[in-house]
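Below: one structure, written as structure tokens.
There are 2 protein chains.
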Amino acid sequence: MATNDFQRQQAASGLDQLAALVRAQSWKQDGTPSLPPTQSAVLRMLDGAGATLRAGQVAERLGVSAASLSDSLKALEAQAWISRQPDPDDGRAVRLALTRKGRSVARRLNDPGRGLVGLMSGLGEQDLGALLRVTQLLVYEAQQQGLANGPRTCLGCRHFQANAGGEAGKPHFCGFIGKAFGDPELRVDCGEQSPAEPGAVQESVMRFRRMADLRAPAGGPQKATP
Amino acid sequence: MATNDFQRQQAASGLDQLAALVRAQSWKQDGTPSLPPTQSAVLRMLDGAGATLRAGQVAERLGVSAASLSDSLKALEAQAWISRQPDPDDGRAVRLALTRKGRSVARRLNDPGRGLVGLMSGLGEQDLGALLRVTQLLVYEAQQQGLANGPRTCLGCRHFQANAGGEAGKPHFCGFIGKAFGDPELRVDCGEQSPAEPGAVQESVMRFRRMADLRAPAGGPQKATP
DNA sequence: CAAATTAGTTAGGACTCCTAGTATTCGCGC
DNA sequence: GCGCGAATACTAGGAGTCCTAACTAATTTG
Numbered sequence: 033m034a035t036n037d038f039q040r041q042q043a044a045s046g047l048d049q050l051a052a053l054v055r056a057q058s059w060k061q062d063g064t065p066s067l068p069p070t071q072s073a074v075l076r077m078l079d080g081a082g083a084t085l086r087a088g089q090v091a092e093r094l095g096v097s098a099a100s101l102s103d104s105l106k107a108l109e110a111q112a113w114i115s116r117q118p119d120p121d122d123g124r125a126v127r128l129a130l131t132r133k134g135r136s137v138a139r140r141l142n143d144p145g146r147g148l149v150g151l152m153s154g155l156g157e158q159d160l161g162a163l164l165r166v167t168q169l170l171v172y173e174a175q176q177q178g179l180a181n182g183p184r185t186c187l188g189c190r191h192f193q194a195n196a197g198g199e200a201g202k203p204h205f206c207g208f209i210g211k212a213f214g215d216p217e218l219r220v221d222c223g224e225q226s227p228a229e230p231g232a233v234q235e236s237v238m239r240f241r242r243m244a245d246l247r248a249p250a251g252g253p254q255k256a257t258p
Numbered sequence: 033m034a035t036n037d038f039q040r041q042q043a044a045s046g047l048d049q050l051a052a053l054v055r056a057q058s059w060k061q062d063g064t065p066s067l068p069p070t071q072s073a074v075l076r077m078l079d080g081a082g083a084t085l086r087a088g089q090v091a092e093r094l095g096v097s098a099a100s101l102s103d104s105l106k107a108l109e110a111q112a113w114i115s116r117q118p119d120p121d122d123g124r125a126v127r128l129a130l131t132r133k134g135r136s137v138a139r140r141l142n143d144p145g146r147g148l149v150g151l152m153s154g155l156g157e158q159d160l161g162a163l164l165r166v167t168q169l170l171v172y173e174a175q176q177q178g179l180a181n182g183p184r185t186c187l188g189c190r191h192f193q194a195n196a197g198g199e200a201g202k203p204h205f206c207g208f209i210g211k212a213f214g215d216p217e218l219r220v221d222c223g224e225q226s227p228a229e230p231g232a233v234q235e236s237v238m239r240f241r242r243m244a245d246l247r248a249p250a251g252g253p254q255k256a257t258p
């Protein structure tokens with residue numbers, strides 16, 4: 033349907049603008065040293081992950097080539113924000129860890145009010161949930177198209193049960209933590225994420241999609257599934 | 033409240049990942065010439081705008097410096113996709129226009145199924161509307177923080193009346209086209225957008241935000257027919 | 001009309017990202 | 001044990017993006 037295509041274009045355009053904005057703002061971080069986007073992403077990832085990560089893992093989740101990541105690691109190491117140590121289990125690999133200095137920089141990046149997180153201040157819980165929900169679907173679609181395979185989203189995790197009933201406002205269920213939860217609690221970088229079988233994911237996605245209808249009760253005859 | 037901060041962090045992280053993904057995919061566009069992200073953004077903008085645009089306008093909307101844009105324009109002109117001509121009204125300025133070749137390239141970028149637009153295929157009208165709605169709020173917040181001043185969104189337009197009543201599912205009203213519409217019809221790059229007074233915008237935002245509450249609990253059906 | 005402002009370009013530098021090519025290590029079959 | 005292909009990370013070289021500063025040319029202002 034052409035009408036719908038136009039809306040998709042608008043949404044794509046909007047997402048594109050947001051993306052540009054996100055990049056730009058990472059640059060001109062008001063505080064301190066204005067560190068570049070990729071570098072801040074690496075720091076945040078290392079801070080978020082409890083354990084040390086291997087270089088290859090980071091590259092994969094970020095969706096950049098190993099060579100490209102190596103550039104950024106060099107810069108980060110030069111600042112003494114991370115350390116590179118050989119992996120005891122695999123002589124080829126490298127384990128990345130934050131230094132104390134690096135950790136404090138990473139923490140500052142997640143300060144509420146600063147940077148990207150600050151942009152979210154205008155969003156209520158409803159909208160926050162909607163954003164996370166849409167993010168899950170978009171990332172899933174990107175994975176389907178082979179554009180990404182890094183992100184650790186709920187949708188696509190073996191512990192995730194979309195729309196499994198449960199309490200009102202908490203339709204999902206996570207088998208790992210054993211609790212029901214709603215859209216605002218969806219994760220995009222869950223440490224416990226464990227990829228499910230493609231077939232199972234597909235079912236999960238279908239259940240997940242159906243939720244939009246449930247949420248707008250009086251009957252959205254708005255089906256659009258090209 | 034810390035709980036909400038965590039959710040904002042997740043949302044920020046998700047948006048960040050999406051942004052990275054968007055960049056990456058623009059790069060490795062499957063079709064033909066794998067043109068870089070900024071260049072494709074310029075082409076799409078010129079294609080979208082009916083008239084010719086001035087270099088400064090493009091730079092502002094894209095949120096890049098004039099110098100940076102000049103780099104990209106040089107590349108685009110070298111490909112014979114755009115032409116630069118002196119503005120008859122202002123000898124300092126330059127007017128940009130797509131060449132025939134450039135237009136066909138631009139059209140290909142908006143092909144449904146390709147690129148970013150293709151990612152939207154997994155989203156129903158509900159979710160599409162939610163994404164556009166959130167985009168409006170995030171862009172507004174970014175503008176507030178001085179991170180952007182380019183985007184031509186409904187929120188912030190003098191013709192826009194958020195939550196003005198109207199039919200069910202079409203709570204908004206645009207004074208320019210004189211019609212009611214819903215979230216899925218929100219625009220992020222409207223050609224007719226005309227910035228409203230800051231005070232008026234603030235009121236508009238407040239009305240707009242309230243909508244999330246109205247929609248969630250026992251909300252109305254979501255009808256949308258452009 | 002001179003001075004300040006504005007639009008756009010060039011110059012130089014930093015960061016990101018890619019493809020290739022290289023060295024080291026791991027797993028496996030023999 | 002030994003070699004061979006695969007995997008991991010790094011280096012080199014090149015393109016694109018983006019910035020600040022310095023510059024030219026045209027416009028506006030006092």
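Chains as they are written, first to last, in our numbering: chain A, 33 to 258; chain B, 33 to 258. Ideal placement from N, C-alpha and C gives every residue a C-beta, glycine not left out. Please read these numbers as outputs of a predicted model, since none were measured by experiment.
Problem - Straight-line Cα distance separating residue 94(A) from residue 128(A) - result: In this structure, the alpha-carbon of residue 128(A) lies about 15 Å from that of residue 94(A).
Exercise for the section: Measure the beta-carbon distance from residue 138(B) to residue 75(B) and round it to whole angstroms, keeping in mind my assumption that it falls under 8 Å. Expected result: The Cβ separation is near 4 Å, so the contact holds.
Problem - Test: residue 79(A) CB closer than 8 Å to a CB of chain B - result: So no, residue 79(A) is outside the interface.
Exercise for the section: Taking only beta-carbon positions, decide if residue 110(B) is within less than 8 Å of chain A. Expected result: So no, residue 110(B) is outside the interface.
Exercise for the section: Report the three-state DSSP secondary structure of residue 37(A) (helix, strand or coil). Expected result: Residue state, collapsed to three classes: helix.
Handout entry: Residue-level contact to chain A via CB, residue 214(B), 8 Å cutoff
Key = So, not an interface residue.
Handout entry: Length of the line joining the Cα atoms of residue 148(B) and residue 39(A)
Key = Their backbone Cα atoms lie some 13 Å apart in a straight line.
Handout entry: Pair within 8 Å by beta-carbon distance, residue 16(A) and residue 191(A)
Key = Past the boundaries of the shown model lies residue 16(A); chain A is included only from 33 to 258, so the question cannot be answered.
Exercise for the section: Could you please tell me which residues of the segment 174 to 201 of chain B, in chain order, have their CB closer than 7 Å to any CB of chain A? Expected result: So the close ones are 174, 177, 179, 180, 183.
Exercise for the section: Using a Cβ cut-off of 8 Å (strictly closer), state whether residue 52(B) contacts chain A. Expected result: True, the Cβ-Cβ gap to chain A drops below 8 Å.
Handout entry: residue 79(B) beta carbon less than 8 Å from that of residue 130(B)
Key = For the pair residue 130(B) and residue 79(B), the CB atoms are nearer than the 8 Å cut-off.
Exercise for the section: Kindly confirm or deny that the segment 163 to 173 of chain B and the segment 157 to 170 of chain A touch, where touching means at least three C-beta pairs closer than 8 Å. Expected result: Yes, the segment 163 to 173 of chain B touches the segment 157 to 170 of chain A.
Problem - chain B residues whose Cβ lies nearer than 7 Å to that of residue 152(A) - result: Within 7 Å Cβ-Cβ: 40, 43, 44.
Exercise for the section: Could you tell me the boundaries of the beta strand (DSSP E) in which residue 122(B) lies? Expected result: Start and end: 122 to 130.
Practice task
Would you check if the segment 86 to 102 of chain B and the segment 171 to 185 of chain B touch, i.e. whether three or more CB-CB distances between them fall below 8 Å?
Solution key: As far as the Cβ criterion goes, the segment 171 to 185 of chain B touches the segment 86 to 102 of chain B, which means the pair count is three or higher.
Problem - Buried/exposed call for residue 203(A), threshold 16 Cβ in 10 Å - result: So residue 203(A) counts as buried.
Practice task
Starting from the beta carbon of residue 116(A), find every residue of chain B whose beta carbon is closer than 8 Å, and list them in chain order.
Solution key: Near residue 116(A) there are no residues of chain B at all, since even the closest Cβ is about 22 Å away, more than 8 Å.
Practice task
Helix, strand or coil for residue 225(A), going by three-state DSSP, please let me know.
Solution key: Coil, per DSSP.
Exercise for the section: Could you please give me the residues that DSSP links to residue 187(A) through a beta bridge? Expected result: Per DSSP, none; premise fails for residue 187(A).
Practice task
Taking 8 Å as the cut-off, decide whether the C-beta atoms of residue 240(A) and residue 194(A) are in contact.
Solution key: For the pair residue 240(A) and residue 194(A), the CB atoms are nearer than the 8 Å cut-off.
Practice task
Would you identify the three-state DSSP class for residue 85(A), choosing helix, strand or coil?
Solution key: Judged by DSSP in its simplified three-state form, residue 85(A) adopts strand.
Problem - Residues, ordered as in the chain, of the segment 227 to 238 of chain B that lie near chain A by beta-carbon distance below 7 Å - result: Against chain A - using a Cβ distance shorter than 7 Å - the segment 227 to 238 of chain B contributes no residues.
Exercise for the section: Determine, using beta carbons only, whether residue 221(B) and residue 45(A) come nearer to each other than 8 Å. Expected result: Contact: yes.
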